[in-house]
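Please read the structure below before turning to the comments.
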Amino acid sequence: MDRDQARRRHQELARELHRHNHLYFVLDAPEIPDAEYDRLFRELLELERAFPELVTPDSPSQRVGAPPLAKFEPVRHTLPMLSLQNAFDEGQLREFDARVRRFLATQEEIEYVCELKMDGVAVELVYQDGVLTVGSTRGDGTTGEKITENLKTLPTIPLRLHGDFPSVLEVRGEVYMDLPGFQALNREREEAGEPVFANPRNAAAGSLRQLDSRITARRPLRIACYGVGVVENSLAPTHYDILRQLQTWGLRVLLDRVQLVRGIEGALDFYREMARRRDDLPYEIDGIVVKVNNLALQRDLGEKSRSPRWAIACKFPPRQAETIIEEISLQVGRTGAITPVARLRPVEVSGVTVSRASLHNWDEIERLGVRKGDHVVVERAGDVIPDVVRVIAERRTGAEEQIPLPSTCPECGTPVMRLEGEVVPRCQGLSCPARRKESIKHFASRGAMDIDGLGDRYIDQLLRLDLVDDVADLYRLSRDDLFRFERMGEKLAENLLRSIERSRHRPLSRLLYALGIRHVGEHTAKILARQFGSLEVLSTASKEELMAVHEIGPQVAESVVSFFASSQNRRTLERLHSFGVAPEPEERRAGGSLSGKTFVFTGAMERLGRKEAQEMVENRGGRAAGSVSKKTDFVVAGEEAGSKLDRAKELGIPILTEGEFLQMIEEEDRK
Ligand code: IVH
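Every letter in the sequence shown is one number past the one before it in the numbering used here, and letter 627, counting from 1, is 627.
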């Protein structure tokens, strides 16, 4: 390939990758499967390796992180980033409305935009001629820190704007971590013996404050944009119009969660509704923000000292409560990590009764100075299990007891070790019943081998009856074995055996994750499975070979090598194999009737959504691709199909209507 061809192909790939990124992360409506995206991304990386001059600041490759910085540079915001006045109840929100109307000398109802107050970190993004040039934190409002490289790693932040964008655009928004991401990150950290984050906001702030953007790249951060600084030649008359414009330029705005209301009563309704629904949201909010919609009125109202007169934050009551720590128990995880858990006198925290709080580790216990018997403040922050926020020292009686670091495992009595740089002590006993139980639980869990029905109760019995030594033994269980369980019936036994049976051929990535290799979460397991294709190949990979893989660092590489070096692990793998556990290679699912077939969908369909149709193909082992090539087997053309249809005709690829496609699926399913 010559330089010109490479440049053209690179442009094409960059455009496609940006588009798919936006479809997936911003619009939540992907058009192609992940594997197809990965293929395009790898092709782009290969081109950039061969032609380094193609690496532009807005190339999709720039999302993986840049070499570490020595420090963050200060950035002065063109317009100060103001903060908001707070209201803490409905009365104060009404007073805000009264102030606004008094100031504007009007009796009329004001139109307000109600937004969620995202609990994260405020940032500013500067786009010059459509390209993201500077990203910064709010700092003191006047000067922030330049964290451009870190922000560029967020898939929800466009590196280049779409459509008819202004020559200069300063966007403001909140970077946050959603709850599933936050919980997974903390789980990972807990297992690795690293300190956990107290709440999603701290996790987001800590992730953005990394000098090494490759670390930021691995954190599940998102942005929700809520306003602008300077916009060259903006004619938008209202705040709501601005939000809509931001969205058309490719920026992520949670418009579904924004409500336009006339009069303060509407804002109060929104406040009550969100207070009720905040537990159902996949991210943390600490209130709502109410803004005057009309920009001319905003200008009239202006600002006082550090906050605008045209907006207010109405906070929710904190999710805190006071209670007593009645007992501290020690939990042993599957990696042997021993974590202290506080048993609380049950207390209601914003509608949820809590009776346990996580203390995480002894550094945390020391930091809080917490003792058994203490009165404490607990807070639910992004998790149903709350955290202990602080000790109420004034209420001590002197009877409180220190919580000693255990010297032996509470479950098996093996001496405990605390490794250098780790905050948790670990049980070293390989046959510790608690560790074995947790390993089996993890193995059977939803994201792993997904053995439906194999919960705590049965795992306890399996261990008690000595029926499983390691996870491989699950595949040797017979009906008779199960009938030794307490309260086991025909139907239950059959169901459990069937669930175990069904798990034999899960994709390789699931098995890899299920094995519980340190630092190999679901995402990393997928990368390894795709790259190495089989356990045999992966088990012989060297640290260097592993590190050559995109996104695999030294920590993961070392952990994988040492996992396969252990004779005990190798024995488990051999036994799994001999008991018929044979993972499917990635991307192809077991017994798929469309296995090996590639479909391309184009144009609008009547009955099926694009995503739905692609899933139908993938669920049957086929592939849904984004573009037509010689390798395409079928093109399904809906209304107004365009260039893809032309290309299919050119290449002589069979073309199906939506009806024909559905008929084909039906026939395949009958076979
Ligand atoms: S508007 C002048 N809207 O709350 C308007 N802020 O104390 C300034 N925040 O620093 C901000 N969600 O970090 C606005 N929908 C939203 C917000 C929001 C979260 C944060 C932001 C700001 C702080 C205000």
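No residue lacks a Cβ here, since even glycine has one placed at the ideal position from N, Cα and C.
Going by C-alpha to C-alpha distance, which of the options sits closest to residue i?
{"i": "residue 382", "options": "89, 364, 92 and 286", "result": "286"}
{"i": "residue 583", "options": "179, 507 and 232", "result": "507"}
{"i": "residue 137", "options": "266, 190 and 205", "result": "205"}
{"i": "residue 33", "options": "278, 69, 601 and 379", "result": "601"}
{"i": "residue 518", "options": "551, 221 and 187", "result": "187"}
{"i": "residue 333", "options": "360, 19, 578 and 207", "result": "360"}
{"i": "residue 368", "options": "374, 391, 349 and 352", "result": "391"}
{"i": "residue 378", "options": "397, 372, 357 and 363", "result": "357"}
{"i": "residue 47", "options": "75, 58, 36 and 11", "result": "11"}
{"i": "residue 530", "options": "509, 522 and 540", "result": "509"}
{"i": "residue 410", "options": "395, 570, 428 and 400", "result": "428"}
{"i": "residue 364", "options": "401, 197 and 400", "result": "197"}
{"i": "residue 110", "options": "238, 16 and 174", "result": "238"}
{"i": "residue 92", "options": "267, 241 and 526", "result": "267"}
{"i": "residue 534", "options": "623, 14 and 512", "result": "512"}
{"i": "residue 29", "options": "610, 651 and 650", "result": "610"}
{"i": "residue 412", "options": "435, 640, 2 and 54", "result": "435"}
{"i": "residue 570", "options": "538, 490, 418 and 419", "result": "538"}
For ligand 1, I want to know if residue i counts as a neighbour, meaning its beta carbon is within less than 7 angstroms of at least one of the ligand's heavy atoms.
{"i": "residue 83", "result": "yes"}
{"i": "residue 230", "result": "no"}
{"i": "residue 226", "result": "yes"}
{"i": "residue 308", "result": "yes"}
{"i": "residue 236", "result": "no"}
{"i": "residue 464", "result": "no"}
{"i": "residue 177", "result": "no"}
{"i": "residue 118", "result": "yes"}
{"i": "residue 122", "result": "yes"}
{"i": "residue 498", "result": "no"}
{"i": "residue 289", "result": "yes"}
{"i": "residue 313", "result": "yes"}
{"i": "residue 545", "result": "no"}
{"i": "residue 379", "result": "no"}
{"i": "residue 138", "result": "yes"}
{"i": "residue 394", "result": "no"}
{"i": "residue 284", "result": "no"}
{"i": "residue 145", "result": "no"}
{"i": "residue 115", "result": "yes"}
{"i": "residue 327", "result": "no"}
{"i": "residue 265", "result": "no"}
{"i": "residue 170", "result": "no"}
{"i": "residue 273", "result": "no"}
Locate the beta strand (DSSP E) running through residue i, then write down its first and last residues.
{"i": "residue 226", "result": "221-231"}
{"i": "residue 387", "result": "387-391"}
{"i": "residue 174", "result": "168-177"}
{"i": "residue 598", "result": "598-602"}
{"i": "residue 642", "result": "That residue, residue 642, is in no beta strand (DSSP E); it is neither H nor E in DSSP."}
{"i": "residue 287", "result": "285-292"}
{"i": "residue 624", "result": "623-625"}
{"i": "residue 722", "result": "Nothing in the structure corresponds to residue 722, since the chain is present only between 1 and 671."}
Since residue i is in the alpha helix (DSSP H), which residue starts that stretch and which ends it?
{"i": "residue 581", "result": "Note, residue 581: premise wrong, no alpha helix (DSSP H); not H, not E."}
{"i": "residue 45", "result": "34-50"}
{"i": "residue 62", "result": "Segment: none, residue 62 is in no alpha helix (DSSP H) and carries neither H nor E."}
{"i": "residue 461", "result": "456-464"}
{"i": "residue 243", "result": "239-248"}
{"i": "residue 75", "result": "Per DSSP, residue 75 belongs to no alpha helix (DSSP H); it is in the beta strand (DSSP E), 74-76."}
Answer yes or no: the CB of residue i versus the heavy atoms of ligand 3, is any distance below 7 angstroms?
{"i": "residue 639", "result": "Inclusion of ligand 3 in the displayed structure is not the case, the ligand content consisting of ligand 1 alone."}
Could you tell me whether any Cβ in chain B is nearer than 8 angstroms to the Cβ of residue i?
{"i": "residue 23", "result": "Among the chains in the structure shown there is no chain B, since it carries only a single protein chain."}
* Answer yes if the region 210-225 comes into contact with the region 432-451, meaning at least three C-beta pairs across the two stretches below 8 angstroms, and no otherwise. => No, the region 432-451 is not in contact with the region 210-225.
* Asked: Should the region 182-200 be called in touch with the region 336-352, which here means at least 3 C-beta pairs below 8 angstroms?
  -> Using a Cβ-Cβ distance cut-off of 8 angstroms, the region 182-200 and the region 336-352 are in contact, since at least three pairs of beta carbons, one from each stretch, lie closer than that value.
* Could you tell me whether the region 325-335 touches the region 283-301, using the rule of 3 or more Cβ pairs below 8 angstroms? => As far as the Cβ criterion goes, the region 325-335 does not touch the region 283-301, which means the pair count is below three.
* Continuous alpha helix (DSSP H) assignments of at least 4 residues falling wholly in the region 316-392 -> Correct list: 362-368.
* To do: Would you check if the region 141-149 and the region 60-77 touch, i.e. whether three or more CB-CB distances between them fall below 8 angstroms?
  => Between the region 60-77 and the region 141-149, the count of C-beta pairs closer than 8 angstroms reaches three or more; the two stretches touch.
* To do: Kindly confirm or deny that the region 636-650 and the region 598-614 touch, where touching means at least three C-beta pairs closer than 8 angstroms.
  => At 8 angstroms Cβ cutoff, the stretches touch.
* Is there contact between the region 75-94 and the region 223-242, where contact requires at least three CB pairs shorter than 8 angstroms? -> Contact between the region 75-94 and the region 223-242 is present, because at least three Cβ pairs lie under 8 angstroms.
* Taking only runs that begin and end inside the region 118-166, name each unbroken beta strand (DSSP E) of 3 or more residues, in chain order. => Here the runs fully enclosed are 121-128, 131-137 and 143-145.
* Asked: Does the region 303-319 come close enough to the region 84-101 that 3 or more CB-CB pairs lie under 8 angstroms?
  -> When Cβ pairs closer than 8 angstroms are counted between the two stretches, the region 84-101 is seen to touch the region 303-319, the count reaching three or more.
* Is the region 463-472 in contact with the region 574-582, if contact means three or more CB pairs nearer than 8 angstroms? -> Verdict: yes, contact present.
* To do: Flag this pair as touching only if the region 98-118 and the region 266-283 have three or more C-beta atom pairs under 8 angstroms; answer yes or no.
  => Contact between the region 98-118 and the region 266-283 is present, because at least three Cβ pairs lie under 8 angstroms.
* Asked: Per the contact definition of three or more C-beta pairs closer than 8 angstroms, is the region 159-168 in contact with the region 50-60?
  -> Yes: at least three Cβ pairs fall under 8 angstroms.
* Would you check if the region 496-503 and the region 445-461 touch, i.e. whether three or more CB-CB distances between them fall below 8 angstroms? => Yes: at least three Cβ pairs fall under 8 angstroms.
* To do: For the region 188-222, list the beta strand (DSSP E) runs that are entirely contained and at least 3 residues long, ordered along the chain.
  => Runs of beta strand (DSSP E) with 3 or more residues, each lying fully within the region 188-222, are absent.
* Cβ pair count under 8 angstroms reaching 3, the region 370-377 against the region 395-409 -> Yes: at least three Cβ pairs fall under 8 angstroms.
* Please list the segments of the alpha helix (DSSP H) lying wholly inside the region 519-580, counting only runs of 4 or more residues, in order along the chain. => Restricted to the region 519-580, the alpha helix (DSSP H) segments that are unbroken, complete and at least 4 residues in length are 522-532, 535-539, 543-547, 554-565 and 567-578, listed in chain order.
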